[in-house]
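Okay, so here's the structure we're looking at.
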Amino acid sequence: MPYDATLRNLQILSEATQRLPGDLKQPYPAIPWQQISGFRNILVHNYLGEIDPLTVQARCSSICHYWK
Numbered sequence: 013m014p015y016d017a018t019l020r021n022l023q024i025l026s027e028a029t030q031r032l033p034g035d036l037k038q039p040y041p042a043i044p045w046q047q048i049s050g051f052r053n054i055l056v057h058n059y060l061g062e063i064d065p066l067t068v069q070a071r072c073s074s075i076c077h078y079w080k
């Protein structure tokens with residue numbers, strides 16, 4: 013169950029980045045905004061197939077450090 017909660021939190025964070033106005037994103041060009049918002053589609057539409065912790069770690073390792 014904690015793993016499902018983690019996936020849900022990642023989904024919420026990804027959705028939130030889609031709603032941020034461009035003037036808030038512009039000062040942070042190093043953050044891969046499109047990758048973060050696109051990760052939501054991967055989670056919601058299950059593009060990865062059976063999602064397990066190792067799959068999520070592999071897919072989000074390049075973007076998750078921005079959420080710390």
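All residue numbers for the sequence shown refer to the numbering used here, where the first residue is 13 and numbers rise by one.
Don't be surprised by glycine CBs; every beta carbon is placed ideally from N, CA and C.
Since the structure is predicted, the reported quantities are computational estimates derived from the model, not experimental observations.
Around the C-beta of Thr18, are 16 or more other C-beta atoms found within 10 angstroms, so that it is buried, or is it exposed? exposed
Taking all protein chains shown into account, do 16 or more other C-beta atoms lie within 10 angstroms of the C-beta of Ser22, making it buried, or fewer, making it exposed? Residue 22 is actually Leu in this sequence, not Ser. Buried, since its Cβ has 16 or more Cβ neighbours within 10 Å.
Taking the alpha-carbon of Glu27 as reference, which of Lys37, Ile43 and Ile48 has the nearest alpha-carbon? The shortest C-alpha separation from Glu27 is found at Ile48.
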